[in-house]
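For reference, the structure discussed in these notes is given below.
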Amino acid sequence: MAPPGSVYTRAQVGMDAPLVTVETHLQPGTPAFILVGLPESALRESRIRVKSAIQNSGYGYPDRRVVVNLAPADLAKDGTRYDLAIALGILAASGLLKAGLLDGFEFLGELGLYGELREVRGVLSAALAASNAGRTIMVPAASLISLRGNTRNVIGVSSLREAVDVIRGKPPATTPDTPAGTVPEPPPVYPQIVGQQLAKRALAVAAAGAHHLLMIGPPGAGKTMLARAIPELLPALDVTEAVEVAAVYSAAGLPPPPAGRPPMRSPHHTATAAAMIGGGPYAFPGEISLSHRGILFLDEMPHFAPAVLDHLREPLQTGEIHLARVRYRVRYPASFQLVAAMNPCPVGRTCKRETCRCSAQERMRYQRRISGPLLDRIDLHVRVPELSGREIAGRDGNAGATAPRDAIGACRRLQMARQGVLNAALEPEALRRHAALSPAARTLLLAAVDRQHLSARSYDKILRLARTVADLAVSETIEPVHAAEALSYRSLDWENGVTG
Ligand SMILES: [Zn+2]
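Using our numbering, the first residue of the sequence shown is number 174, and each one after it goes up by one.
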């Protein structure tokens, strides 16, 4: 139980929303507003906002010494989110709100000078934490939409005045169920893809097993369009996943992706390390976390700074990222499927196959901007060649096909039922148990190991891919045709430079 005169609110530390208690005391003496527990820079502005909001909402501001303490004091505090709680604490301390009325509530929101309530980031994490603590949280009405239906014990209000009215028992003007207006869905990309049967097949395999994918080919072959079609191949997120994703977007202060759809992010190649992995003074989540449960698309991958690409290795391995700040550490989820695209030729050249005059050395130097360890984490390497005249004319009997999302969803359910993870995440020991090879398929793979001098690690990658190909064919054992297809996704000659 909080001491009398205290009001609850929530900080935002990564994905967590720790409880903050606002204690307000009115003391005799020269009128002053003393606020303790915020960084110096945030203090002054917070005092101005809270005082003006109270006065401009028509409430008297106490003509006494007002002491407000935010505890604990060592939390990272970006200041604005506590305005509503501070203002209500002052109104309660000055007797404008009856003692006890604030019990059972938490408050979150920035006040404007006229008492209007503004959105803050991290509302979803705060709402979930308040609900777990058995309290109702009052948040800016504008933030309700970012909660994506997680509105149990959440009240949206649009001003300090409305907050006071609701505390006194008046129903809020905005209910969580107020329809937010639906954004029209853009037309699907997949049916617009011309040609590229082999690449489309690779997309389906990558989507089915959650394998990372690299497409290499000349400009104009349609790599970007292929990448943009991948979310259409992925099944909808379940409720738990959708809440995870919405919480990351809430922490970043961004609207979440359309309900239940896996997110897709495509940062520009000039993205900084902080934009990519997260950072800044408040440790905002980066692109890798905004891609959580979805797709991170890196177009023209060799143009990204090598140091930025290097940062991808940890999250690719662990599915999360830790950001260290001076006084705290935050963790964000970052379990994404990496989709990358690149030209085979150096920066700025738009070679077609027959016009390319690049030397093997030039190509190799360019392609080696992607480090071996990163390349190694990408399961499928697919060549996306120039379209043939027949394909461009739409005569390959392939145009207009709809995305095989249902088949991919069924394939993913099969994997989860069998082994509890998707194939790309199978550990070596579980992989051996679940990837049963027919004798002929085994012979074929072992011959490839000898011929291509494959490491155990590479062999495992091929086995995982073969497992996914066989699963798409609903075959319990991996047959030679599945193994051969898997091998084809690992057959580019990076040693000598991949040609267009
Ligand atoms: Zn070239």
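No residue lacks a Cβ here, since even glycine has one placed at the ideal position from N, Cα and C.
Through-space distance from residue j to residue i, alpha-carbon basis
i: Val622; j: Ala456; result: 45 Å
i: Gly670; j: Gln534; result: 8 Å
i: Tyr232; j: Gly268; result: 11 Å
i: Thr253; j: Leu281; result: 9 Å
i: Ile207; j: Val239; result: 6 Å
i: Ala315; j: Val337; result: 17 Å
i: Glu602; j: Leu275; result: 55 Å
i: Ala205; j: Gly459; result: 41 Å
i: Leu192; j: Val520; result: 50 Å
i: Ser298; j: His476; result: 35 Å
i: Ala383; j: Leu407; result: 9 Å
i: Cys518; j: Asp666; result: 14 Å
i: Pro440; j: Thr397; result: 13 Å
i: Leu371; j: Leu399; result: 11 Å
i: Val594; j: Ile227; result: 53 Å
i: Ala507; j: Ser230; result: 43 Å
i: Ala574; j: Arg374; result: 12 Å
i: Leu216; j: Leu286; result: 15 Å
i: Ser628; j: Ile450; result: 30 Å
i: Val186; j: Ala246; result: 14 Å
i: Val416; j: Cys529; result: 48 Å
i: Ala646; j: Ala639; result: 11 Å
i: Gly202; j: Met311; result: 33 Å
i: Val481; j: Ser331; result: 41 Å
i: Asn516; j: Val327; result: 49 Å
i: Tyr255; j: Ala402; result: 42 Å
Any non-hydrogen atom of ligand 2 within 7 Å of residue i CB
i: Arg522; result: For the structure depicted, ligand 2 is absent and the ligand set comprises only ligand 1.
DSSP-derived helix/strand/coil call for residue i
i: Val327; result: strand
i: Leu665; result: coil
i: Tyr181; result: strand
i: Arg546; result: Note on identity: in this sequence residue 546 is Pro, with Arg being the wrong assignment. Helix at Pro546.
i: Ser423; result: helix
i: Ala306; result: coil
i: Gly452; result: strand
i: Tyr287; result: coil
i: Arg707; result: Any answer about residue 707 is impossible in this case: the structure gives the chain only from 174 up to 673.
i: Pro506; result: strand
i: Val671; result: coil
i: Asn229; result: helix
i: Asp247; result: coil
i: Glu414; result: helix
i: Pro345; result: coil
i: Leu406; result: helix
i: Arg624; result: helix
i: Leu376; result: helix
i: His484; result: coil
i: Asp276; result: coil
i: Gln369; result: coil
i: Ser214; result: helix
i: Pro352; result: Low confidence applies to Pro352: its pLDDT is 46, below 50, so where it sits in the model is not reliable enough to give any reading.
i: Ala265; result: helix
C-beta contact flag for residue i and residue j at 8 Å
i: Glu649; j: Ala394; result: no
i: Gly329; j: Thr347; result: yes
i: Leu320; j: Ala300; result: yes
i: Ala381; j: Arg578; result: no
i: Leu257; j: Leu211; result: no
i: Pro435; j: Pro404; result: yes
i: Val557; j: Gly390; result: yes
i: Asp472; j: Ser544; result: no
i: Met437; j: Ile468; result: yes
i: Arg541; j: Leu599; result: no
i: Ala576; j: Tyr363; result: yes
i: Leu553; j: Leu386; result: yes
i: Val223; j: Val195; result: no
Opposing strand residues paired with residue i [DSSP bridges]
i: Pro313; result: Val330
i: Met437; result: Ile468
i: Val512; result: Leu386 and Phe470
i: Arg556; result: Ile389
i: Pro458; result: Gly451
i: His495; result: Arg504
i: Leu208; result: Val241
i: His198; result: Val240
i: Val193; result: Thr182
i: Ile651; result: Leu610
### Query
Counting only runs that start and end within the segment 562 to 612, where is the alpha helix (DSSP H) found for 4 or more residues in a row?
562 to 565, 578 to 592 and 601 to 607
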